[in-house]
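Below is one structure, written out as structure tokens, with a few remarks after it.
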Amino acid sequence: MNADASRLALCWSAFQKAVRWVVYYVCAIQYLNPVYLIQEKQKKLYHFDQFGKIVIQPKLSERIFNLFSSDNVRRRRILTWVQQTLPSHNVEDFSFSWNDGIVLCALLEAVHPGICPSFGHLKPHNRVNNCRLGLKLAQQCYGLPLEMISPEEMAIASYSIEPKLLRYVSMIKWAAESGQIRRRDHDEKNEQARKMTSFSIKGSGIVSGIVGRKARFSISAADVLGMFHLGVDIKGPKNEIWCHSQANAAVSVTIHGPRPFSVLESSVIYTGDSLYEVTYDVAYPGYYVICIKYGEEEIAESPFLARVTYEHSN
Numbered sequence: 501m502n503a504d505a506s507r508l509a510l511c512w513s514a515f516q517k518a519v520r521w522v523v524y525y526v527c528a529i530q531y532l533n534p535v536y537l538i539q540e541k542q543k544k545l546y547h548f549d550q551f552g553k554i555v556i557q558p559k560l561s562e563r564i565f566n567l568f569s570s571d572n573v574r575r576r577r578i579l580t581w582v583q584q585t586l587p588s589h590n591v592e593d594f595s596f597s598w599n600d601g602i603v604l605c606a607l608l609e610a611v612h613p614g615i616c617p618s619f620g621h622l623k624p625h626n627r628v629n630n631c632r633l634g635l636k637l638a639q640q641c642y643g644l645p646l647e648m649i650s651p652e653e654m655a656i657a658s659y660s661i662e663p664k665l666l667r668y669v670s671m672i673k674w675a676a677e678s679g680q681i682r683r684r685d686h687d688e689k690n691e692q693a694r695k696m697t698s699f700s701i702k703g704s705g706i707v708s709g710i711v712g713r714k715a716r717f718s719i720s721a722a723d724v725l726g727m728f729h730l731g732v733d734i735k736g737p738k739n740e741i742w743c744h745s746q747a748n749a750a751v752s753v754t755i756h757g758p759r760p761f762s763v764l765e766s767s768v769i770y771t772g773d774s775l776y777e778v779t780y781d782v783a784y785p786g787y788y789v790i791c792i793k794y795g796e797e798e799i800a801e802s803p804f805l806a807r808v809t810y811e812h813s814n
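Written out as structure tokens, the structure is:
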């Protein structure tokens, strides 16, 4: 009886070992399958849409290079391209060098001139907003999905985001080299007409103000690319120009007072989501004409008339 039980136990143990070896070899065959390996490599290299299609892919020669290259080799290749494209910026990695958003905007301007011509006006301390602007521009120009990386992730600059940012920058490179620019649905004339009505202006500074206090208003655009063709003129009651930004540039403000050394403080801040906040000082009472332009044309409802009074005036 004991001998039969012992033989049964040995047979059961041998059967378990055999099953484990079969499972091991089946798994090994799966992971050594070239098709499986290529599919896994592609998932790491490229971003796929909901239909399983690669959103942006490089030329065939680079796809072959990526397939047989290690992560470190591919990282050095993309980093070298960025450094050569932006020789005036110190880009050493895919985390901390990008956390203020300025390098991303500079890269987009370098590969697609005119998309962000005044990236030099961006302030490093506005990290999240700068990153949000760059991601939005890349999405509108090249179709890069916004969900690939968040502006908050970029601003934190953790080493954990390096793989995400490496893939994102790689897609910018591939799109730029292939000339892949997101097509517009309208011709140039209709697009220009649409731009004239796609802006929204809000804030008390557009209709009224008080001497001694800063006047404020905001400019938002349905298409963030339009923000880089805005011009803002604010003229005082003596026809002096208080605020001006050149066309084909990000919204910026320069102030000219009625006499030397009377320049007042002003600021234009991009707050994210295609929104700019404009602030300007009011020197004396009167009516101020505020003109907002897209290129050489005024947008819908412009010019605006703002009445400035003393604090206790009726």
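So for the sequence shown, my numbering puts the first residue at 501; every next one is plus one. Built from N, CA and C at the ideal position, the CB exists for glycine as well.
Worksheet entry | CA-to-CA distance, N599 to L665, given in whole angstroms | Taking the first residue of the sequence shown as position 1, residue 665 is located at position 165. Taking the first residue of the sequence shown as position 1, residue 599 is located at position 99. When rounded, the distance between both Cα atoms is 11 Å.
Fill in: C-beta contact flag for A715 and G705 at 7 Å
For the purposes of this step, residue 715 is taken as residue 215 along the sequence shown, with counting starting at 1. For the purposes of this step, residue 705 is taken as residue 205 along the sequence shown, with counting starting at 1. Yes. Within cutoff.
Item to complete: Quick one: using the 10 Å Cβ neighbour count with 16 as the cut-off for buried, is Q557 buried or exposed?
Response: Residue numbering aside, residue 557 sits at position 57 when the sequence shown is read from its first letter. Buried, since its Cβ has 16 or more Cβ neighbours within 10 Å.
Discussion item. Does the structure place the stretch 558-570 close enough to the stretch 603-623 that three or more beta carbon pairs sit under 8 Å?
Written reply: no
Discussion item. To the nearest angstrom, how far is the alpha carbon of R577 from that of S588?
Written reply: Taking the sequence shown and counting its residues from 1, one reaches residue 577 at position 77. Taking the sequence shown and counting its residues from 1, one reaches residue 588 at position 88. Their backbone Cα atoms lie some 18 Å apart in a straight line.
Item to complete: Report buried or exposed for R479, applying the criterion of at least 16 other Cβ atoms within 10 angstroms of its Cβ.
Response: The structure shown does not extend to residue 479, since the chain is modelled only from 501 to 814, so the question has no answer here.
Item to complete: Express the C-alpha separation of Y776 and S708 in angstroms, rounding to a whole number.
Response: Here residue 708 is taken as the residue at index 208 of the sequence shown, counted from 1. Here residue 776 is taken as the residue at index 276 of the sequence shown, counted from 1. So the two alpha carbons sit approximately 19 Å from each other.
Worksheet item: Cβ atoms of R574 and N566: under 7 Å apart, would you say?
Response: Taking the first residue of the sequence shown as position 1, residue 566 is located at position 66. Taking the first residue of the sequence shown as position 1, residue 574 is located at position 74. In this structure, R574 lies closer than 7 Å to N566 by Cβ.
Worksheet item: If you count every other CB in all the chains shown that lies within 10 Å of the CB of E647, and 16 or more means buried, which is it?
Response: In the sequence shown, residue 647 corresponds to position 147, counting from 1. The residue is exposed, with fewer than 16 neighbouring Cβ atoms inside 10 Å.
Worksheet item: In the structure shown, what three-state DSSP assignment does Y810 receive?
Response: By 1-based counting over the sequence shown, the position of residue 810 is 310. Residue state, collapsed to three classes: coil.
Worksheet item: Do you know offhand how far V782's Cα is from R713's?
Response: On the sequence shown, residue 782 is found 282 positions in, with the first residue counted as 1. On the sequence shown, residue 713 is found 213 positions in, with the first residue counted as 1. Straight-line Cα distance between these residues: approximately 7 Å.
Item to complete: Can you give me the Cβ contacts of P651 inside the same chain, cut-off strictly under 7 Å, excluding the 5 residues immediately before and after it?
Response: As a working note, residue 651 is residue 151 in the sequence shown. So the list reads V628, C631, R632, L635, once near-sequence residues are dropped.
Worksheet item: For L586 versus A606, is the C-beta distance shorter than 7 Å?
Response: Locating residue 586 in the sequence shown gives position 86, where the first residue counts as 1. Locating residue 606 in the sequence shown gives position 106, where the first residue counts as 1. The answer is yes: Cβ separation under 7 Å.
Practice prompt. For I769, I'd like the list of residues in its chain whose CB is within less than 6 Å of its CB, leaving aside the five on either flank, ordered along the chain.
Written response: For the purposes of this step, residue 769 is taken as residue 269 along the sequence shown, with counting starting at 1. Closer than 6 Å at the Cβ level, and outside the excluded window around I769, lie E777.
Worksheet item: Alpha carbon to alpha carbon, how far is G620 from F594?
Response: Taking the sequence shown and counting its residues from 1, the one referred to as residue 620 is at position 120. Taking the sequence shown and counting its residues from 1, the one referred to as residue 594 is at position 94. Going from the Cα of G620 to the Cα of F594 covers about 20 Å.
Worksheet item: Along the chain, where does the beta strand (DSSP E) that runs through S720 open and close?
Response: The residue given as residue 720 occupies position 220 in the sequence shown. Segment 714-721, the beta strand (DSSP E) holding S720.
Worksheet item: What is the DSSP secondary structure of C791, reduced to helix, strand or coil?
Response: In the sequence shown, counting from the first residue as 1, residue 791 sits at position 291. Three-state DSSP puts C791 in a strand.
Worksheet item: Which residues in the same chain have their Cβ closer than 6 Å to the Cβ of L622, if we skip the five residues on either side of it in sequence?
Response: Position 122 of the sequence shown, counting from 1, holds the residue named residue 622. Here the set comprises I602, N630.
Item to complete: Might you give, ordered along the chain, the residues of its own chain that have their beta carbon closer than 6 Å to the beta carbon of R807, omitting 5 neighbours on each side?
Response: Start at 1 with the first residue of the sequence shown, and residue 807 comes out as number 307. Taken in chain order, the residues that qualify are S708, Y787.
Practice prompt. Go ahead and pull the three-state DSSP assignment for E798.
Written response: Translated into the one-based positions of the sequence shown, residue 798 becomes position 298. It is a strand residue.
Fill in: Which of helix, strand or coil DSSP assigns to M648
Counting from one through the sequence shown, the residue named residue 648 turns up at place 148. DSSP places M648 in helix when its eight states are reduced to three.
Practice prompt. For L805, name the three-state secondary structure that DSSP assigns.
Written response: As a first step, residue 805 is located in the sequence shown; it is residue number 305 there, counting from the start. Strand.
Practice prompt. Can you tell me which of the three DSSP states D549 falls into?
Written response: For this step, residue 549 is matched to residue 49 along the sequence shown. Three-state result, D549: coil.
Item to complete: List the residues that DSSP assigns as beta-bridge partners of K702.
Response: Counting from 1 along the sequence shown, the entry for residue 702 is found at position 202. K702 is bridged to S718.
Worksheet item: In terms of residue numbering, what span does the alpha helix (DSSP H) encompassing D571 cover?
Response: Taking the first residue of the sequence shown as position 1, residue 571 is located at position 71. Taken as a continuous stretch (DSSP letters only), the alpha helix (DSSP H) holding D571 covers 571-585.
Discussion item. Could you compute how far the alpha carbon of M654 sits from the alpha carbon of I661?
Written reply: Position 154 of the sequence shown, counted from the start, is the residue given in the question as residue 654. Position 161 of the sequence shown, counted from the start, is the residue given in the question as residue 661. Distance between the alpha carbons of M654 and I661 is about 7 Å.
Worksheet item: What does a CB cutoff of less than 8 Å around E801 pick up in its chain, not counting 5 residues either side in sequence?
Response: As a position in the sequence shown, residue 801 is number 301, starting the count at 1. Correct list, in chain order: I701.
Practice prompt. Whole angstroms is fine: what's the gap from S597's alpha carbon to P645's?
Written response: Along the sequence shown, one-based indexing puts residue 597 at 97. Along the sequence shown, one-based indexing puts residue 645 at 145. When rounded, the distance between both Cα atoms is 22 Å.
Worksheet item: From I672 to N626, what distance separates their C-alpha atoms?
Response: Locating residue 672 in the sequence shown gives position 172, where the first residue counts as 1. Locating residue 626 in the sequence shown gives position 126, where the first residue counts as 1. In a straight line, the C-alpha of I672 is about 23 Å away from that of N626.
Worksheet item: According to DSSP, what are the bridge partners of T779?
Response: Here residue 779 corresponds to residue number 279 of the sequence shown, with the count starting at 1. BP columns for T779 point to R716, S767.
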